[in-house]
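*Asks:* Sending over a structure as structure tokens; questions will come in a sec.
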Amino acid sequence: KYAKPYGREVLDVFTCIREHTHLDAAGKLLTQNAERYLKSDRQMRAIFADLPEAIENTSRLAERLMFSLENLGYEFPEYPVPAGHTMDSFLRTIVWFGAQQRYAAISTKVKRQLEEELTLIIKLRFPGYFLIVWDIVNFCREHNIMVQGRGSAANSAVCYCLGITPVDPVENHLVFERFLNESRKGWPDIDLDLPSGDRREAVIQEIYRRYGKHGAAMTANVISYRGRSAAREIGKALNFSPSIIDRFSHLFASGDFPHTLELESQIEQAGLPKNHPRMPAFIRLYRAIYGLPRHLGQHSGGMIICQNKLSSFVPLENASMPGRVVAQWDKDDCEDLGIVKVDLLGLGMMSVMQDAFELCRERGRPLDLAHIPKDDEKAFEIMQRADTIGVFQIESRAQMATLPRMKPECFYDVVIEVAIIRPGPIQGDMVHPYLARRAGRESVTYFDPRLEPVLKRTLGVPLFQEQMLKIAMVMADFSGDEAEELRRALSFHRSEERMNKVCAKLRMAMERKDIAPDKIDKIIQSISSFALYGFPESHAISFAILAYGSSYLKVHRAPEFYASLLNNQPMGFYSPSTIVKDAQRHGLKIKPVCVSQSDWRCTIVSDDRPSPQSSPWPGRGGPEAPVRVGEAVRLGFCVVNGLRQEHAEELVRQRQAQQFDSLDDFKRRVPLTKDELRTLAELGAFNCFAEHRRAAMWEVEETLHDDLLTRNVSHPDPATAGEGPRLRSFDHTGNIEHSIPLCEVPRSTRDDSPLSRMTLPERVKADYETMNLTTGPHPMKLLRESLPNIWRAIDLPHARHGSIVQIAGNVICRQRPGTAKGFVFISLEDETGVSNAIVEPDLFEHFRLVITEEAFLLIEGEVQNSDNVVLIKAQEIRPLLHEQLVGSESHDFH
-13 KYAKPYGREV LDVFTCIREH THLDAAGKLL TQNAERYLKS DRQMRAIFAD LPEAIENTSR
47 LAERLMFSLE NLGYEFPEYP VPAGHTMDSF LRTIVWFGAQ QRYAAISTKV KRQLEEELTL
107 IIKLRFPGYF LIVWDIVNFC REHNIMVQGR GSAANSAVCY CLGITPVDPV ENHLVFERFL
167 NESRKGWPDI DLDLPSGDRR EAVIQEIYRR YGKHGAAMTA NVISYRGRSA AREIGKALNF
227 SPSIIDRFSH LFASGDFPHT LELESQIEQA GLPKNHPRMP AFIRLYRAIY GLPRHLGQHS
287 GGMIICQNKL SSFVPLENAS MPGRVVAQWD KDDCEDLGIV KVDLLGLGMM SVMQDAFELC
347 RERGRPLDLA HIPKDDEKAF EIMQRADTIG VFQIESRAQM ATLPRMKPEC FYDVVIEVAI
407 IRPGPIQGDM VHPYLARRAG RESVTYFDPR LEPVLKRTLG VPLFQEQMLK IAMVMADFSG
467 DEAEELRRAL SFHRSEERMN KVCAKLRMAM ERKDIAPDKI DKIIQSISSF ALYGFPESHA
527 ISFAILAYGS SYLKVHRAPE FYASLLNNQP MGFYSPSTIV KDAQRHGLKI KPVCVSQSDW
587 RCTIVSDDRP SPQSSPWPGR GGPEAPVRVG EAVRLGFCVV NGLRQEHAEE LVRQRQAQQF
647 DSLDDFKRRV PLTKDELRTL AELGAFNCFA EHRRAAMWEV EETLHDDLLT RNVSHPDPAT
707 AGEGPRLRSF DHTGNIEHSI PLCEVPRSTR DDSPLSRMTL PERVKADYET MNLTTGPHPM
767 KLLRESLPNI WRAIDLPHAR HGSIVQIAGN VICRQRPGTA KGFVFISLED ETGVSNAIVE
827 PDLFEHFRLV ITEEAFLLIE GEVQNSDNVV LIKAQEIRPL LHEQLVGSES HDFH
């Protein structure tokens, strides 16, 4: 039941969770004593002293048992090859054919690399695996689904020639052994990035179709107890009141776990009853169950396949999603069994880009990722000024703080930018040395002149795993296999014994080459620490392709880009509200939801009126964005809170059959709920039928309650059934003088709306309440005149370094990265852009509730203005309270 005696307490909590009860009421459901734990050999011998033969028999049985999970009989599927071919020969054929497509002329270097890779792949009996992945990629291309391999597979020239990866490893000097080598145990690992959503699901279902529901399955993902879930479950088990449990939820909502906070002090600060007799038990149990398995979920994209039935050696279950089968083991379990896994990972940005390319084609401006110009100045310009909201991988606060220092000018600069803002390089203190060298503040040096070819592109600072492998190969004459063995020995799962062994081997090899002892020490120290944080260069190149492509789309195909970005929410760092405001600041007109014009998804429409907004970027060193005359994005019903997709699609079908001529006509033909009608009226979607929003709201209520709001309206008698409600007029005696269908009565003859128009602040508030965004002015714009001393985001680059300023805005992002040593980063949005503040750990503890709970903040602090990057070091934080302030919810990351 549990490993140690103290596990009984945790088991009792889990019993209460399972039985939906608490410790005070569980009674006999709980364990009766603490003896059901795994005892030591000495304890077992003492307990069974009267049966020594039982102990000895157990020992002998254990010695005789031989079992390995790899012996369960797993077989990888055979790939059906054309007549006259084996899997080996067919793989060779399609690889060399692909090489002719990839290279204008196949060089001797490419030929040698391909032959070496093919020889090893065939020797390890992996051709079937490569053929199956190639087949999946072909299916995607045949069905117009973007696909791109990433990870260490991009180190393979075979994968490149098969069309699996977009990166030429020969041109980029990548190390194949990082992907596959003779000493590697287990199958290769090829990850395929696909557009998230329906397109990815189509690929998954195709694999189920080919291998059957019992021959393929998604791998599981073990969901563990974290802050909020652990706090709530323990609170319930300890029979705390719902109000206290809710306060626990708020306390842990920001992702604070035992390794990042002092639990006792946080409980006290949150106003929880620290002296409660069960509070020590709560703290003890919270720490005990944190990280323990809670339930099984689905892996984001891992699929396993086999020749026979997976159920013969893997437990399977039906997923909640129709048409899916899930293994009850996670990817590590499957790897231990030697089961091959193919990762089909959904990327929101690939959905955005594919949607954008399709919109470009529909509008007569075809474009695809392969034909985007490689050196577009404007695409690099928006990176240089950190104008990257919505751009893949380089839109975070940390990336935006680095981009003006990096000033990317070529594609490889984007590769470095993608890789450098990662926990590893930050922890390894590689970011600042690289940026200092790039800015010319620090000279470029190398451990040894022989390493210049290896480290030249990264200015002498090792950033990529492949560089570590090459350092060992150059300085110690390691083979590719030996270098990869070194990387694995020094990786996250390092063992002291194995690490010492490979380091000794590395040292001896360098000593044989007469390398100076001090250089040997520096190289070993660098490699030893670098192995923990190095990022694969092949992975960075794959991501940089999408980063550059999305940057190009943002500049040159803005309507298609922003429409697609809004259609694929949620994704990325920013909410739809921020994306809409970013589009407007770049001169793109965003039109509101309208029942006569909108579809379910956001669409591109014509508009001859120039947008009143222009780019605020002059304050950040960039030119004003051109006003896009004739181009606009119409918001779709997908942004409306509470509107069901099937209802919106029926609305569109009815409108396509015949345009609506009135709200009554709309109501009769579209079966929306009362709440959906009210929401559409409140956000202005019925303004095509009414003079203003409140008139539409009144008309909706009148339509919903004709018998109550219009005294003279009655329902039809059987003779006039089907005509709807009727308007009656009466003579002086009270008898009906005239009766006609209500739908035939002009709206002007009915009761007019007594409601006044919404004011501008009221319309903005209604927008946020119904859509969490507005096409009108930013809420901060409405208050700007009353905040004369508050700096706008656009003006901060002109603030003097070290001066004290105040900033304010809607909190759109809170971050407390594990690498930041307790510092918190807050992004505030106003009508001109986004400003950023940094909060020291002690200040965060003081203002914790204000920071985590308030939607609008006013922050006073010291300006840190360096290299065109402005940050406010917070000194005072308070809520910005005003009845007009309603904004979007923050996206919080850790």
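Taking this note's numbering, I'd label the letters of the sequence shown as residues -13 to 880. Positions of the beta carbon are idealized from the N, C-alpha and C atoms, including for glycine.
1. Please tell me whether V328 and I122 are closer than 9 Å, where the distance is taken between their beta carbons.
2. Is the Cβ-Cβ distance between E848 and S789 less than 9 Å?
3. Measuring alpha carbon to alpha carbon, tell me which residue in D467, V625, H8 and M289 is nearest P228.
4. Do I209 and P301 have their beta-carbon atoms positioned less than 9 Å apart in this structure?
5. How is M52 classed by DSSP in three states: helix, strand or coil?
6. Just the C-alpha distance for H633 and R655, rounded to the nearest angstrom, thanks.
7. Which word fits H836, buried or exposed, when buried means at least 16 other C-beta atoms lie within 10 angstroms of its C-beta?
8. Could you please give the first and the last residue of the uninterrupted alpha helix (DSSP H) stretch that includes H633?
9. Does the stretch 387 to 398 come into contact with the stretch 420 to 439, if we say contact requires no fewer than three beta-carbon pairs (one atom in each stretch) closer than 8 Å?
10. Strictly by DSSP, which residues pair up with K327?
11. With burial defined as no fewer than 16 other Cβ atoms inside 10 Å of the residue's Cβ, what is the status of Y(-8): buried or exposed?
12. Give me the DSSP bridge partner(s) of N304.
13. Applying the criterion that 16 or more other CB atoms from any shown protein chain within 10 Å of the CB defines a buried residue, is K109 buried or exposed?
14. Going straight from the alpha carbon of T1 to that of N207, what length do you get?
15. Would you check if there are 3 or more beta carbon pairs closer than 8 Å linking the stretch 657 to 671 to the stretch 622 to 640?
16. So what's G795 in DSSP terms, helix, strand or just coil?
17. Using 8 Å for Cβ pairs, my map puts H764 next to E817. What's the rounded Cβ distance?
18. What separation, rounded to the nearest whole angstrom, lies between the Cα atoms of G114 and R351?
19. Within 10 angstroms of the Cβ of M494, are there 16 or more other Cβ atoms? Answer buried if so, exposed if not.
20. Bridge partners for H281 per DSSP, in chain order?
21. Classify S528: buried if its beta carbon has 16 or more other beta carbons within 10 angstroms, exposed otherwise.
22. Apart from the five residues just before and just after A188, which ones in its own chain have a Cβ nearer than 8 Å to its Cβ?
23. Taking 9 Å as the threshold (C-beta atoms), are A533 and V619 in contact?
24. On the three-state DSSP scale, how would you describe I812?
25. For L637, I'd like the list of residues in its chain whose CB is within less than 6 Å of its CB, leaving aside the five on either flank, ordered along the chain.
26. By a C-beta neighbour count over all protein chains shown, 10 Å radius and 16 as the cutoff for buried, is S597 buried or exposed?
27. Please look up how many angstroms separate the CB atoms of M744 and H678, rounded, as I've assumed it's under 8 Å.
28. Distance check for R185 and F881, CA to CA, integer angstroms please.
29. Can you tell me the Cα-Cα spacing of S235 and N225, whole angstroms?
30. Using the C-alpha atoms, what's the distance from R(-6) back to D27?
31. What are the boundary residues of the beta strand (DSSP E) that includes R864?
32. Rounded to the nearest angstrom, what separates L552 and T760 at their Cα positions?
33. By how many angstroms is the C-alpha of F450 removed from the C-alpha of G520?
34. With a Cβ-Cβ cutoff of 9 Å, do A823 and I793 count as a contact?
35. Nearest by alpha-carbon distance to A29: which of K(-10), F62 and A405 is it?
36. Buried or exposed: where does F34 fall if 16 or more other Cβ atoms within 10 Å of its Cβ makes it buried?
*Replies:* On the basis of the coordinates in this document:
1. Closer than 9 Å, so yes.
2. Yes.
3. Of D467, V625, H8 and M289, the residue nearest in Cα terms is H8.
4. Contact annotation: P301 and I209 have beta-carbon atoms that are not nearer than 9 Å.
5. For M52, the secondary structure class from DSSP, reduced to helix, strand or coil, is coil.
6. Approximately 11 Å between the Cα atoms of the pair.
7. According to the sequence shown, residue 836 is Val rather than His. Exposed, because fewer than 16 other Cβ atoms sit within 10 Å of the Cβ of V836.
8. Per DSSP, the unbroken alpha helix (DSSP H) holding H633 starts and ends at Q631 to A643.
9. By the criterion of at least three beta-carbon pairs nearer than 8 Å, the stretch 387 to 398 is in contact with the stretch 420 to 439.
10. According to DSSP, which records beta bridges pairwise, K327 is partnered with I290.
11. Exposed is the label assigned to Y(-8), since fewer than 16 other Cβ atoms lie within 10 Å of its Cβ.
12. In the DSSP output, where bridge partners are listed per residue, N304 has V311.
13. Exposed, by the Cβ-count rule.
14. Cα to Cα, the separation comes out at about 23 Å.
15. The stretch 657 to 671 makes contact with the stretch 622 to 640; the number of CB pairs closer than 8 Å reaches 3 or more.
16. It is a strand residue.
17. Cβ-Cβ separation between H764 and E817: approximately 4 Å, consistent with a contact (criterion under 8 Å).
18. C-alpha separation (whole angstroms): 40 Å.
19. Exposed is the call here.
20. DSSP lists I209 as the bridge partner or partners of H281.
21. It counts as buried.
22. Counting only Cβ-Cβ distances below 8 Å, and skipping sequence neighbours, we find H129 and I131.
23. No. Outside cutoff.
24. The answer is strand: DSSP assigns I812 an E or B state.
25. For L637, where only same-chain residues beyond five positions count, the Cβ hits under 6 Å are V656.
26. Unreliable positioning characterises S597 in this predicted model, as indicated by a pLDDT of 45, which lies under 50. The coordinate reading is nonetheless provided below. Per the 10 Å Cβ criterion, buried.
27. Contact annotation, M744 with H678: C-beta distance approximately 7 Å; criterion of less than 8 Å satisfied.
28. A query on residue 881 cannot be resolved here, the shown segment of the chain reaching from -13 to 880 and no further.
29. About 15 Å.
30. Looking at the two C-alpha atoms, the distance is approximately 20 Å.
31. From DSSP, the beta strand (DSSP E) with R864 extends over V855 to P865.
32. Taking the straight line from one Cα to the other gives about 13 Å.
33. Using only the alpha carbons, I get a separation of about 5 Å.
34. A contact, by the Cβ cut-off of 9 Å.
35. The sequence shown places Gln at residue 29, rather than the Ala named in the question. When the alpha-carbon of Q29 is set against those of K(-10), F62 and A405, the nearest one is in K(-10).
36. The residue is exposed, with fewer than 16 neighbouring Cβ atoms inside 10 Å.
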